[in-house]
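Have a look at the structure below, then the notes.
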Amino acid sequence: MAVGTVLITGSYPPPTPTCADKQTPFADRERFSPRSGTGYIGSFTSLALLEHGYDVVIVDSLYNSSEVALDRIELLCGRRPIFYKVDVTDEAGLNDVFAKHPAIDSVIHFAALKASLPPVQLFWPVQALTAALHLQAVGESSIQPLEYYRVNVGGSIALLRAMEKNNVHNIVFSSSATVYGDATRFPNMIPIPEHCPIGPTNPYGRTKSTIEGVITDFINAQRNNLEKAGKPFKEWNGANLRYFNPCGAHPSGLMGEDPQGIPFNLLPLLGKVATGDMEKLLVFGDDYASKDGTAIRDYIHVLDLARGHLVALNYLREHNPGVKAWNLGSGRGSTVFDIIKAFSSVVGRDLPYVVKPRRDGDVLDLTANPALANKELEWKTELTMEEACKDLWHWVENNPQGYRQEPPKALLDAVKKA
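Per the UniProt record's numbering, the sequence shown starts with residue 1, numbered consecutively.
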């Protein structure tokens with residue numbers, strides 16, 4: 001018998017008509033539901049859930065992810081998630097999924113609009129392309145804020161309404177450290193604790209903080225209304241997981257980050273440079289108040305992050321705490337140049353980069369204080385940034401086309417022998 005059934009929600013539709021697939025991904029919820037179930041973090045969380053006895057239903061639009069991830073999950077753990085191609089903004093579609101899987105009692109919500117450049121050939125020749133380093137979704141969300149609010153906030157509301165209608169009580173939300181904004185504006189807030197005042201500096205971060213507020217208000221209202229009616233109320237719970245910079249890949253080399261286009265995150269971009277798909281990196285700013293002038297971030301191996309979702313979900317189900325927020329990070333900050341050096345060391349050569357002026361919305365330091373998660377969830381990171389670089393390069397070197405190619409036979413044979 002399964003421990004439980006979780007619905008995992010996946011990526012949202014693209015913000016502009018440049019991509020063909022407009023559907024939003026999200027995960028079905030046989031006890032759990034991740035944001036992009038076939039995407040990077042969602043696929044690893046789905047794997048962790050299945051390995052720990054949960055049944056998993058995924059809803060995802062596949063706009064920035066691949067259904068092949070489901071094959072790799074099955075290859076690694078012998079179990080396959082149930083999958084529906086559904087847009088998280090499609091409330092009727094969500095209701096249909098819930099109706100088909102009445103055992104779902106929890107959702108892990110990964111679906112969110114986050115920028116990724118369309119395929120290179122739509123713009124410039126590969127040799128003329130310069131990768132934007134550590135860009136994430138900050139720039140695009142400032143250009144198209146209404147799309148980010150419509151998709152991220154609107155999709156979350158549709159999901160919560162479907163949960164209410166189908167009596168699904170637990171939600172784990174994939175939030176972000178971007179909700180804190182520039183924590184250096186406050187004394188003694190680096191590394192950043194959960195009680196640091198939030199103050200996102202870009203629309204993407206503000207959508208995340210808004211969703212946190214919507215979930216908090218929704219869960220509190222459900223509990224208060226039921227308590228006033230003299231009914232059981234403690235089964236309604238939510239977790240806002242503020243995680244920092246996910247990185248790495250599965251040590252087998254069979255699963256990793258595979259954005260459909262050009263990624264905006266630092267380590268995947270370094271992978272593109274290492275394989276020759278990108279000419280060089282753009283480092284935005286070397287005049288920060290850090291040891292080398294570049295911005296500081298807290299990098300967390302995706303395996304540790306997936307485990308964090310699992311223990312947060314278990315905590316909600318076992319303790320019925322209402323709404324909680326936890327930082328998921330290592331507590332160790334690395335500069336952009338630290339990461340370039342570490343990944344170059346793994347690759348075996350120096351990777352080229354060019355320094356450009358800072359971008360609006362970027363902040364000096366986003367390093368987690370994970371003490372609360374360490375204590376309450378009994379969770380802490382177990383893998384280092386160097387191990388993440390090693391695992392990422394193992395994935396990229398053997399799968400330069402990501403999930404669009406067959407994995408090397410040697411990797412498959414190694415998994416079969418294990």
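Think of the CB as a built atom: it goes at the ideal place given N, C-alpha and C, for glycine as much as any other residue.
Reduced DSSP secondary structure (H/G/I, E/B, other) of residue i
i, result
"residue 155", "helix"
"residue 417", "helix"
"residue 142", "helix"
"residue 349", "coil"
"residue 341", "helix"
"residue 178", "helix"
"residue 3", "coil"
"residue 204", "helix"
"residue 288", "coil"
"residue 380", "coil"
"residue 9", "strand"
"residue 301", "strand"
"residue 218", "helix"
"residue 354", "strand"
"residue 330", "coil"
"residue 295", "coil"
"residue 311", "helix"
"residue 116", "At residue 116, the pLDDT of 42 sits below 50, so the modelled position is not reliable; the number obtained from the coordinates is stated separately. Residue 116: coil per DSSP, three-state reduction."
"residue 365", "strand"
"residue 192", "strand"
"residue 172", "strand"
Cβ-Cβ separation, residue j to residue i (assumed contact under 8 Å), whole Å
i, j, result
"residue 284", "residue 358", "6 Å"
"residue 172", "residue 112", "The pair is not a contact, with the Cβ atoms about 14 Å apart (cut-off 8 Å)."
"residue 269", "residue 281", "6 Å"
"residue 184", "residue 365", "6 Å"
"residue 310", "residue 328", "That belief does not hold up - the Cβ atoms of residue 310 and residue 328 are roughly 11 Å apart, past 8 Å."
"residue 274", "residue 347", "5 Å"
Counted within 10 angstroms of its Cβ, other Cβ atoms place residue i as buried (16 or more) or exposed
i, result
"residue 122", "In this prediction, residue 122 scores a pLDDT of 26, lower than 50, which makes its location untrustworthy; the coordinate-derived value is nonetheless stated afterwards. Exposed."
"residue 116", "Residue placement at residue 116 is poorly supported in this model, since its pLDDT is 42, which falls under 50; the coordinates are not used for a value here."
"residue 146", "exposed"
"residue 307", "buried"
"residue 9", "buried"
"residue 319", "exposed"
"residue 187", "exposed"
"residue 321", "exposed"
"residue 405", "exposed"
"residue 53", "exposed"
"residue 224", "exposed"
"residue 217", "exposed"
"residue 208", "buried"
"residue 72", "buried"
"residue 57", "buried"
"residue 256", "buried"
"residue 212", "buried"
"residue 340", "buried"
"residue 296", "buried"
Residue of the options minimising C-alpha distance to residue i
i, options, result
"residue 271", "389, 230, 103, 413", "389"
"residue 99", "52, 279, 41, 167", "167"
"residue 276", "300, 334, 397", "397"
"residue 107", "92, 369, 88", "88"
"residue 141", "281, 269, 364, 201", "201"
"residue 333", "354, 386, 309", "386"
"residue 338", "329, 351, 326, 328", "351"
"residue 241", "325, 158, 195, 315", "325"
"residue 153", "411, 215, 60, 181", "215"
"residue 267", "252, 290, 300, 293", "300"
"residue 5", "393, 314, 144", "314"
"residue 421", "151, 346, 295, 109", "Since the first residue of the chain shown is 1 and the last is 418, residue 421 is not available in this structure."
"residue 360", "182, 374, 330, 395", "182"
"residue 70", "316, 55, 46, 194", "46"
"residue 103", "197, 55, 84, 149", "55"
Distance cut-off 7 Å: residue i Cβ against heavy atoms of the ligand NAD
i, result
"residue 302", "Within the structure as shown, the ligand NAD is missing, as the structure has no ligands at all."
Test: residue i CB closer than 8 Å to a CB of chain B
i, result
"residue 177", "Of the protein chains in the structure, only one exists, and it is not chain B."
Threshold first: 3 residues or longer. Then list the beta strand (DSSP E) segments lying entirely within the segment 220 to 282, N to C. 237 to 243, 245 to 247
Completely contained beta strand (DSSP E) runs for the UniProt domain "NAD-dependent epimerase/dehydratase" (37 to 114), where each covers 3 or more residues: 55 to 59, 82 to 84, 104 to 109
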